[in-house]
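**Q** Before I ask anything, here is the structure I am working with.
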Amino acid sequence: MADGKESIFSSLDNAKTQLYHYKAIVIAGMGFFTDAYDLFCITAVTKLIGRLYYYDPSTNSPGALPNQINNAITGVALFGTLAGQLFFGWLGDKLGRKKVYGITLVTMVGCALASGLSFGSSAQGVVTTLCFFRFWLGFGIGGDYPLSAVIMSEYSSQKTRGGFVAAVFAMQGIGILVAGAVAMLVSKVFLQAFPADKFNVNQVLSTQPEGDFVWRIVLMFGAVPAALTFYWRSKMPETARYTALVEGDHEKAKADMAKVLEKDIPVAAVNGDSESKVLVDPNSSYGLFSREFLRRHGLHLLGTSSTWFLLDIAFYSLQLTQKDVYPASGLLPKASTMNAIEEVYLLSKAMLLIALAATVPGYWFTVFLIDKIGRKPIQLGGFLLMSIFMAVLGFKYGLLRGEKCEDPNSTLDFCNGHTNLFTLLYGLTLFFANFGPNSTTFIVPAELFPARFRSTCHGISAAAGKAGAILAAFVLQSYTHQLKGIRKAVIALAVVNLLGFFFTFLVPETKGRSLEEISGEDNDLGGNGVTAIGNSDDNATEATNVDNGKDKVAEAEMEMV
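Numbered by full-length UniProt numbering, the letters in the sequence shown go through residues 1 to 561 in order.
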């Protein structure tokens with residue numbers, strides 16, 4: 001360590017956990033809270049909207065959204081998320097993480113509120129405006145993926161980085177719990193205030209007009225916690241790694257991190273100048289679309305993108321079809337034995353029970369174990385176990401679900417099935433998705449790439465995931481309306497998870513290593529600088545690293561020409 005002084009990066013890598021780290025988790029995690037809240041609520045909301053706006057007396061069945069409209073409402077936010085991940089990921093590297101961070105939150109809050117205010121004189125009008133606002137809600141949520149992951153990754157120490165980034169993502173679990181509680185509370189209050197007959201008693205009066213307020217209130221409430229964190233998000237300093245490595249201003253990076261770590265951080269001397277502001281030329285580096293990037297990180301980007309793509313095909317298929325799975329598992333009675341608001345209450349209750357037992361614990365297992373076990377073992381194990389459980393569900397789906405109940409007095413849709421085993425397998429699949437690739441595919445792209453590409457590459461990886469989710473929402477869901485189609489879809493998802501298992505081998509383990517070591521920036525000026533100067537034993541070694549870096553830049557430039 002030069003002159004016994006501590007560098008910015010070694011200070012960050014060796015920093016003890018402080019209150020600020022926990023505060024940053026909450027601030028950065030609000031986007032994922034909103035994401036999970038929306039995904040949870042929309043499942044129950046679509047059922048209610050179907051009853052309110054699409055009841056057809058000739059069918060003698062509760063109103064339900066046509067398949068295309070249901071897919072549009074649930075899937076349009078995914079298109080927005082994909083666009084937001086690409087746009088804000090790129091912008092986060094160009095303008096800085098902090099400068100665009102507040103924009104994503106304002107977009108999320110505004111569009112979550114606007115979703116509940118969707119208007120129109122017809123069912124088509126309401127659905128159209130709802131889809132419009134949900135697209136832009138997804139756009140804001142999408143921007144939070146790369147920015148939150150990268151910010152938390154660049155703030156954290158190398159020993160706790162995985163757990164802290166996982167904790168940001170685990171705010172999805174909190175969002176799920178709050179969504180379930182809010183949906184149950186609102187529907188229960190309205191149910192007591194506006195009781196109604198069940199559908200099989202009175203088809204028309206079983207749908208309370210006041211239910212139109214229920215879905216709007218539930219959707220709008222998701223904006224409240226996110227709005228409360230806007231002030232603290234605006235006060236977050238730029239990450240030291242971006243300021244030093246991309247902007248080249250180590251003095252500003254030192255000042256920002258002194259606020260975070262609550263101690264002075266002297267910049268290590270370079271060529272005898274301890275007050276040097278710019279240690280590197282930010283522009284003397286290879287580009288994202290260069291052959292040098294492809295050589296160094298091409299397989300890494302392929303690995304993070306492909307595994308996230310494959311994971312989201314399976315994961316979002318599970319999430320978006322929950323409303324269909326619960327009747328089959330016996331957790332939800334027949335729709336005709338409930339009124340409209342009662343269905344929201346019981347569906348939310350069933351979803352909350354599964355979340356408490358399987359989904360949420362999976363997130364926190366990852367938080368506590370990822371820096372002990374490593375990213376790769378968790379991802380490999382998660383993909384493999386998801387594949388096994390889904391294969392069993394697919395091949396034995398009819399046996400587990402049971403047969404359609406012919407008894408008109410039965411409160412269940414299916415009889416003579418193995419509902420407990422069905423629910424267990426479904427719950428284990430969700431558990432190992434979250435204690436597995438759903439968490440690790442979010443964490444690893446925030447660690448693998450150089451600082452000036454980190455947000456962009458995370459955005460590309462996340463967008464690949466959302467492409468998989470869109471495939472699940474618009475293609476696989478069309479196969480889930482008949483037993484044969486459901487079986488084929490679930491078996492196909494088991495194969496998808498197995499592919500994810502094999503593509504994971506493209507991704508290196510990042511546990512316990514500094515970001516600069518992982519990305520090659522610590523001794524490579526072509527990675528935008530000598531970034532681990534404080535870890536060198538003497539100034540001669542540092543100077544050699546600089547010279548070697550310059551040679552590599554020259555080679556990269558010649559290769560690009």
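Built from N, CA and C at the ideal position, the CB exists for glycine as well.
Taking the beta carbon of Gly-382 as the centre, do at least 16 other beta carbons fall within 10 Å, making it buried, or is it exposed?
**A** It counts as buried.
**Q** Just checking my contact of Gly-173 with Val-360 at CB under 8 Å: how many whole Å lie between their CB atoms?
**A** Gly-173 to Val-360, Cβ: 4 Å. Contact.
**Q** Report the CB separation of Ala-83 from Gly-175 in whole angstroms; it is logged as a contact under 8 Å.
**A** So it is not a contact: roughly 21 Å between Cβ atoms.
**Q** Going by DSSP, name the residue or residues bridged to Cys-415.
**A** DSSP output for Cys-415 lists Glu-403 as bridge partner(s).
**Q** Excluding five sequence neighbours on each side, which residues of the same chain lie with their C-beta closer than 8 Å to the C-beta of Phe-432?
**A** Excluding positions up to five away in sequence, the list reads Gly-362, Gly-381, Gly-382, Leu-385, Met-386, Phe-389.
**Q** Given Thr-129, which residues of its chain have a CB within under 8 Å of its CB, disregarding the five upstream and five downstream residues?
**A** Excluding positions up to five away in sequence, the list reads Ser-118, Phe-119, Gly-120.
**Q** Considering only C-alpha positions, which residue in the set Val-218, Leu-86, Val-490, Phe-230 is nearest to Ile-341?
**A** Of Val-218, Leu-86, Val-490, Phe-230, the residue nearest in Cα terms is Val-218.
**Q** Round the Cβ separation of Phe-88 and Leu-39 to the nearest angstrom and send it over; I've been treating them as touching at under 8 Å.
**A** Not quite, the Cβ-Cβ distance comes to about 19 Å (not below 8 Å), so this is no contact.
**Q** Would you kindly work out how many angstroms separate the C-alpha atoms of Asp-13 and Ser-514, rounded to a whole number?
**A** Taking the straight line joining both Cα atoms gives about 7 Å.
**Q** Determine whether the beta carbon atoms of Thr-366 and Phe-435 lie at a separation below 7 Å.
**A** Yes; because the gap between Cβ atoms is below 7 Å, this pair is in contact.
**Q** Mapping the DSSP letters down to three states, classify Asn-359 as helix, strand or coil.
**A** It should be pointed out that residue 359 corresponds to Thr in this sequence rather than to Asn. In this structure, Thr-359 counts as helix in the three-state DSSP scheme.
**Q** Kindly list the residues whose CB is nearer than 7 Å to the CB of Cys-111, restricted to its own chain and excluding five residues on each side of it in sequence; keep chain order.
**A** Here the set comprises Phe-133, Trp-136, Leu-137, Gly-140.
**Q** Checking 7 Å against the spacing of the C-beta atoms, do Leu-332 and Tyr-326 come in under that value?
**A** For Leu-332 and Tyr-326, yes; Cβs fall inside 7 Å.
**Q** Which same chain residues end up closer than 7 Å to Arg-375 when comparing Cβ atoms and leaving out the 5 residues on each side of it in sequence?
**A** Cβ within range, chain order: Gly-162, Thr-440, Ile-443, Val-444, Glu-509, Thr-510, Lys-511.
**Q** Please tell me whether Phe-449 and Ser-348 are closer than 7 Å, where the distance is taken between their beta carbons.
**A** No, they are not a contact pair.
**Q** Assuming Ala-183 and Ala-350 are in contact, meaning their beta carbons sit under 8 Å apart, how far apart are those beta carbons, in whole angstroms?
**A** Actually they are not in contact, since the Cβ atoms of Ala-183 and Ala-350 sit about 11 Å apart, beyond 8 Å.
**Q** Where does the unbroken alpha helix (DSSP H) through Pro-377 begin, and where does it stop?
**A** Taken as a continuous stretch (DSSP letters only), the alpha helix (DSSP H) holding Pro-377 covers 375–395.
**Q** Taking the alpha-carbon positions, what's the Phe-422 to Val-490 distance?
**A** Their backbone Cα atoms lie some 13 Å apart in a straight line.
**Q** Apply the 10 Å Cβ neighbour rule to residue 567 and answer buried if 16 or more other Cβ atoms are within range, or exposed otherwise.
**A** Because the chain here runs from 1 to 561, residue 567 falls outside it and cannot be looked at.
**Q** Which of helix, strand or coil does DSSP assign to Ala-170?
**A** Here Ala-170 sits in coil by DSSP.
**Q** Does the Cβ-Cβ distance between Asp-197 and Ser-206 come in under 7 Å?
**A** Taking 7 Å as the Cβ cut-off, Asp-197 and Ser-206 qualify as a contacting pair.
**Q** With DSSP run on the structure shown, which of helix, strand or coil describes Leu-65?
**A** Coil, per DSSP.
**Q** Just verifying my parser: in three-state terms, what is the DSSP assignment at Ala-253?
**A** DSSP places Ala-253 in helix when its eight states are reduced to three.
**Q** Check whether the region 185–196 and the region 148–160 are in contact - that is, three or more C-beta pairs closer than 8 Å.
**A** Result no; under three Cβ-Cβ pairs closer than 8 Å.
**Q** With contact counted as at least three CB pairs below 8 Å, one residue from each stretch, are the region 226–243 and the region 96–108 in contact?
**A** The answer is yes - the region 96–108 touches the region 226–243, with three or more Cβ pairs under 8 Å.
**Q** So, under 8 Å CB-CB, Cys-41 and Ala-179 are touching, yes? Tell me the CB distance rounded to an integer number of Å.
**A** Indeed, because the Cβ distance is near 5 Å, the residues count as touching under 8 Å.
**Q** Can you look up Met-30 in the DSSP assignment and give me helix, strand or coil?
**A** Three-state result, Met-30: helix.
**Q** Pop quiz: Thr-504 and Thr-307 are said to be a contact at Cβ under 8 Å. What is the actual Cβ separation, rounded to whole angstroms?
**A** Their Cβ separation, rounded to whole angstroms, is 6 Å, which keeps Thr-504 and Thr-307 in contact under 8 Å.
**Q** Is Ser-336 helix, strand or coil when you go by DSSP?
**A** Ser-336: helix per DSSP, three-state reduction.
**Q** Where does Met-220 sit, in a helix, a strand or coil, going by DSSP?
**A** Three-state result, Met-220: helix.
**Q** Please classify Ala-15 as buried or exposed, where buried requires at least 16 other C-beta atoms within 10 Å of its C-beta.
**A** So Ala-15 ends up on the buried side.
**Q** Between the C-alpha atoms of Ala-506 and Gly-102, what's the straight-line distance to the nearest angstrom?
**A** A small fix is needed here, since residue 506 is Leu in this sequence, not Ala. Approximately 34 Å between the Cα atoms of the pair.
**Q** What's the gap between the Cα of Gly-417 and the Cα of Val-475?
**A** Using only the alpha carbons, I get a separation of about 28 Å.
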